[in-house]
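Sequences listed follow chains A and B, in order. When you line the first sequence up against the working numbering, it's residues 1 to 306, in that order. When you line the second sequence up against the working numbering, it's residues 1001 to 1370, in that order. Following: one structure in C-alpha cells, then a few remarks.
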Amino acid sequence: MDDLGLWIIPLAILGGAIRVSTPFLFVSLGEALTERSGRINLGLEGTLGFGAMSGYALAYLTGSPWLGVLAAAICGAMFGLLHGVICSLPKVNDIAVGIAMMILGMGLAFYFGKPFVQPVAPDLPSIPFGWWSDIPQVRAALEVNVLFLIGAVLAVALWWMFRATRIGLIIRVVGDSTDAARAMGLRPNVIRACATAVGGAFAGVGGAYLSLYYPGSWNEGISSGQGLMAVALVIFARWNPLACFGAALLFGGAGALGPTLQSVGISEGYYLFFAAPYVLTLGVLIATSSPTRAMTGAPGELSITK
Amino acid sequence: MSLSDATSPAIDKRLTAPQWALVARRAEAVFIPLGALLAGFAVFSLFLLLQGKSPSDFFALVYRAGFGTAFSWQNTLSRTAPLLLAALCVALPARLGLVIIGGEGAIVLGGVGAGFAGVVLSGMTSIIALPLMLLTAMAIGALWIGAVGALRHFRGVNETIASLLMAYIAIALMNHLVEGPLRDPASLNKPSTAPLDDALRVGNIPGWDVHWGLAFGVICCVLAWVLIDKTTWGFAARIAGGNVRAAQVQGLPVGKLILGFTALGGAFAGLAGFFEVAAVHGSANASLAGGYGYTGILIAFLARHNPLAIIPVAILLAGFEASSGLVQRRMDLPDATVLVLQGFVFMAILISETLYGRFKIFAPERWSAT
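Shown next, in the form of C-alpha cells:
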C-alpha cells in the first residue's frame, strides 16, 4: 500500500495543521489571557519575531533548543511587560502602542538576528505518533512536536484556570469592569501588565517554535502575520482557551494548504493559496463581528469591543 | 475668559496678555511631539552607545546623506513623495477615530492597476492615458481601503486588524498577478508587467531631479488639511472622531463619513502606487511593496494626524531612509537600524500622549492660580 493517491492531501493537511498551528496556539493562548484582563496587545507580531530570533540565537549558542525556548519566553515577557506598563499610562492608545511594538519588535529582531541567519541551531524534539505505519507520508504527517502537546495541556490548564480558580476570577473581573476590580481592592493596571507579560512570554515561545522546528531556521521572513491572525483567532474563539485550540488547528490547516498543494504538484495560483490564512482570518472576523450587538463573552473593558 | 486677575499681584501682567495665551496653547502641539522625537533619538543613541557605536557619527552621516548636499536633498525628496501619500492614508481616517494601517495594500494594488492600465492604453497620447492610469490607481486604492471602512461601519469589524490583513492579501494578489496573468514574457529575472511606453512615464519637476509625485503629494496634503480644518465634512469628521455617540445624536452621517474618509485615504495611497510605477519603476513588480505604507503610519502619528505637519515629518523620515545605505556601510550596522530608530521614536510619541494637559506652561487658563 505504497500509493495513497488523493488521500495524501487530507493527510498532509492534517499533519500540516498540527505543525503550522503550534505558533497560532501559543500566541492565541497568550493573547486570550491578555484580552481577558481587558487589554489588547497587537504587538505580538513583533514579539513573535523577536522570540524566533532569540530562541534560535540561544539554541545555537548553548546547543540546547529548550534553553532557546526559555530565552524566547523571557524576551517575550519583557516585551509584554513594556506594552503593559506603557498602556497603563493615562490617555495612551493601546492599539497604537501595539503597532509601535510590532515595528520595534521586528526591528530589534532583524537587527540582532543578522549574524544568525547562516548558522544552524538544534531543533526541538518531536514524538513520532505514526510509528505503526510503513508509509513515509503517514509517518511524516503524524510526527507531532512536543510544543504542540505542551500547548494543548496549556489550553486545558488556562480553561480550567478561568473557570475554577481564584486567579482566573481576578483576571476576569479586571477584564470585565475596572471599577468593580478597584472596589474589590485589586489594582487593574498591575494585573493587566502581568497578564500582558505572560501573554508575551507565550508568544515568544510560539516564535521560538517557528525558528526551532518548522520552518526551522531564522530569517527575516519567518513571521508573516501570525501574531495578527492570532488576535483575530482569539475573538473568533470567544476568548475561550479550548476554542482557541480548535481554531488554531483550523488556521493551521489553512496555512498548510499552500505547501500541501505545492507538494502534490499544483503550483498554479501559488500566491493565492498562501493568502488562504489571511482570507480565512478576515472571513472569520467578518462573521463574528456585529455593529450593534456586543460580542458574547467579550471582556467588558476591551477597547475594541466597547 | 479674562486673564487680568487683579487679586494676584505676583503675576506679571505682560505675560498674561492674550497673545501669549494663544502661543502657549499652540505651542503644546509642537513642543511635546518635538520633545518626544528628541527623546526617541536619545534612547536610540543610548542603544548605539551600548554597542560601542557612536551616535554623533550616526546623526552626522544621516545629515550628510539626507540633507547635506543638493544631491542628498534630491534623494530625500524623491523618497518623500510616496511617504506623504501613505501617511495621508493613515491620518485621514485617524481624524475620524479609525486606526488604519493597511495603506501598503492600497499602494501595491494601485500600482498594479496603473501598470495594467498603462499596458492596455499603450499607444495612446499621454494627455488621455496618464490621467486614466492615475484614476485607475486611485479608484483601486479607494475601493480597497473603503472596503475596510465598510466592514467597520456595516459589520463592526476592527479596522486595524482588517486593514493589515487586506494588506497581506493585496501583496499576495499582486505577486500572483505580476507573476501570472499580467506578466510580461520578456521580464525573466524579475517578473513584472510590460514596461510602460516612454510617453506614459511621469517625468521630473522642471529644474529638479525629483518626479512630479512630490508636487502631487504636497498638494494632496494641503487639500486634506483644508478638508479637515476648513470644511463642514472635516468638522463633522472630527466630532465623530471624538465621540461617535454625540455625532450620531447630532444627526451627523457617520457611515458616509467613514466610507468617504477611508476611500479618500485609500485613493491617496493608490496615487502613491501610480507614481511608483509611472515615475520610478516603469512597470509593476514586487518592488511596489517597499514598506512605504508602514513608514507612513509612523509619520502620521508623529504629525499627530495633521496633514500639514505630515510634510516636514515625511521629509525628515525620508532623509533617514535615504541615508540608511551610507550609514550601514560606514558604521557596519544592519539595515534594520532605521526600523529600530522608527520603533523608538514611535514609542516615544505614543508615551508622550500622556503628557498633554499636564504642563501648566501650556495651559493659560491655569496661569492665574499660583
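Glycine included, each C-beta is placed from N, C-alpha and C at the ideal position.
At 8 Å on the CB atoms, spell out the chain A contacts of residue i, in chain order.
| i | result |
| --- | --- |
| Y1292 of chain B | Ordered by position in chain A, no residue passes the 8 Å Cβ test against Y1292 of chain B, which lies about 14 Å from the chain. |
| Y1168 of chain B | S224, G225, A275, Y278 |
| A1029 of chain B | By Cβ distance, chain A contributes nothing, its closest Cβ being about 15 Å from A1029 of chain B, past 8 Å. |
Taking the alpha-carbon of residue i as reference, which of the options has the nearest alpha-carbon?
| i | options | result |
| --- | --- | --- |
| P215 of chain A | A:L6, A:V173, A:P23, A:I9 | A:P23 |
| L1188 of chain B | B:D1197, B:V1178, B:G1113 | B:V1178 |
| H83 of chain A | B:V1030, B:L1298, B:G1343, B:L1355 | B:G1343 |
| I235 of chain A | A:A287, A:Y270, A:P259, A:S126 | A:A287 |
| D123 of chain A | A:V92, A:L58, A:Y271, A:I95 | A:L58 |
| L1088 of chain B | B:L1143, B:Y1168, B:T1076, B:F1261 | B:F1261 |
| C1220 of chain B | B:A1267, B:V1148, B:V1099 | B:A1267 |
| L1077 of chain B | B:I1228, B:G1213, B:A1336 | B:G1213 |
| V1148 of chain B | B:L1308, B:I1205, B:S1163, B:G1115 | B:S1163 |
| Y270 of chain A | A:G255, A:I150, A:A247, A:S177 | A:G255 |
| L250 of chain A | A:I74, A:E35, A:Y278, A:A208 | A:Y278 |
| G225 of chain A | A:G46, A:S88, A:L186 | A:G46 |
Determine, using beta carbons only, whether residue i comes closer than 7 Å to chain B.
| i | result |
| --- | --- |
| T281 of chain A | yes |
| V97 of chain A | yes |
| D2 of chain A | Here the model assigns D2 of chain A a pLDDT of 47, short of 50, so the residue's position is not dependable and the matter cannot be decided. |
| G107 of chain A | yes |
| Y60 of chain A | no |
From residue i to residue j, what does the alpha carbon distance come to, in whole angstroms?
| i | j | result |
| --- | --- | --- |
| A72 of chain A | F116 of chain A | 15 Å |
| T1370 of chain B | S1352 of chain B | Confidence at T1370 of chain B is low in this model, with a pLDDT of 49, below 50, so its placement is unreliable and the value that follows should be read with caution. Spanning the two alpha carbons is a distance of roughly 26 Å. |
| S1054 of chain B | V1062 of chain B | 13 Å |
| A1224 of chain B | V1090 of chain B | 12 Å |
| A140 of chain A | G15 of chain A | 7 Å |
| R310 of chain A | G1110 of chain B | The structure shown does not extend to residue 310 of chain A, since chain A is modelled only from 1 to 306, so the question has no answer here. |
| V120 of chain A | N145 of chain A | 19 Å |
| V20 of chain A | V97 of chain A | 28 Å |
| A1279 of chain B | R1201 of chain B | 6 Å |
| P1191 of chain B | L70 of chain A | 42 Å |
| S1045 of chain B | N41 of chain A | 27 Å |
| A1269 of chain B | L1298 of chain B | 15 Å |
| T1125 of chain B | L1173 of chain B | 30 Å |
| M1001 of chain B | G38 of chain A | Below a pLDDT of 50, predicted positions are generally treated as unreliable, and M1001 of chain B, at 48, falls in that range; no measurement from the model is reported. |
| M1166 of chain B | D1198 of chain B | 33 Å |
| M161 of chain A | Y1356 of chain B | 40 Å |
| P299 of chain A | T1354 of chain B | 25 Å |
| V92 of chain A | G105 of chain A | 19 Å |
| R1095 of chain B | N1158 of chain B | 16 Å |
| F1301 of chain B | I1349 of chain B | 7 Å |
Are the C-beta of residue i and some C-beta of chain A separated by less than 7 Å?
| i | result |
| --- | --- |
| L1157 of chain B | First, the amino acid is wrong: residue 1157 of chain B is Val here, not Leu. Taking Cβ atoms only, chain A reaches closer than 7 Å to V1157 of chain B, which makes this a yes. |
| I1107 of chain B | no |
| T1295 of chain B | no |
| I1351 of chain B | yes |
| M1001 of chain B | For M1001 of chain B, the predicted model reports a pLDDT of 48, less than 50, meaning its position is unreliable; a value from the coordinates is still stated below. Output row for M1001 of chain B: interface = no. |
| Q1342 of chain B | yes |
| M1331 of chain B | no |
| H1176 of chain B | yes |
| L1084 of chain B | no |
| F1346 of chain B | yes |
| A1172 of chain B | yes |
| L1339 of chain B | yes |
| F1359 of chain B | no |
| S1004 of chain B | Note that S1004 of chain B scores a pLDDT of 49, beneath 50, so its modelled location is shaky and nothing firm can be said. |
| P1181 of chain B | no |
| P1334 of chain B | yes |
| T1370 of chain B | Confidence in T1370 of chain B is poor, its pLDDT being 49 and thus under 50, which makes the residue's placement unreliable; the coordinate value appears in the next sentence. No, T1370 of chain B does not count as interfacial toward chain A. |
I'd like to know if residue i contacts chain D, where contact means its C-beta is closer than 7 Å to some C-beta of that chain.
| i | result |
| --- | --- |
| F274 of chain A | Among the protein chains of the structure shown, namely A and B, there is no chain D. |
My assumption, with CB atoms under 8 Å, is that residue i sits in contact with residue j. Please give the rounded CB distance.
| i | j | result |
| --- | --- | --- |
| M1331 of chain B | F1041 of chain B | Their Cβ separation, rounded to whole angstroms, is 16 Å, which puts M1331 of chain B and F1041 of chain B out of contact at 8 Å. |
| V231 of chain A | L44 of chain A | 7 Å |
| V174 of chain A | A181 of chain A | 5 Å |
| I1145 of chain B | I1100 of chain B | 6 Å |
| L285 of chain A | F273 of chain A | No, L285 of chain A and F273 of chain A are not in contact; Cβ-Cβ is about 20 Å, not under 8 Å. |
| Q118 of chain A | I8 of chain A | About 34 Å separates the two Cβ atoms, so there is no contact after all. |
In chain B, what lies closer than 7 Å to residue i by C-beta?
| i | result |
| --- | --- |
| S289 of chain A | R1155, G1156, V1157 |
| V231 of chain A | I1161 |
| L89 of chain A | I1351, T1354 |
Can you list the residues of chain A that residue i reaches, using a CB-CB cut of under 7 Å?
| i | result |
| --- | --- |
| I1100 of chain B | Correct list: empty, because the minimum Cβ distance to chain A is about 11 Å. |
| A1162 of chain B | L282, L285 |
| F1301 of chain B | A96 |
| L1151 of chain B | I286 |
Could you name the residues of chain B that residue i contacts, counting a contact when the two beta carbons are closer than 9 Å?
| i | result |
| --- | --- |
| V92 of chain A | L1350, I1351, E1353, T1354 |
| L142 of chain A | Within 9 Å Cβ-Cβ: nothing; L142 of chain A doesn't reach chain B, min ~30 Å. |
Interface residues of chain A around residue i at Cβ under 9 Å?
| i | result |
| --- | --- |
| L1165 of chain B | G225, L228, M229, A232, Y278, V279, T281, L282, L285 |
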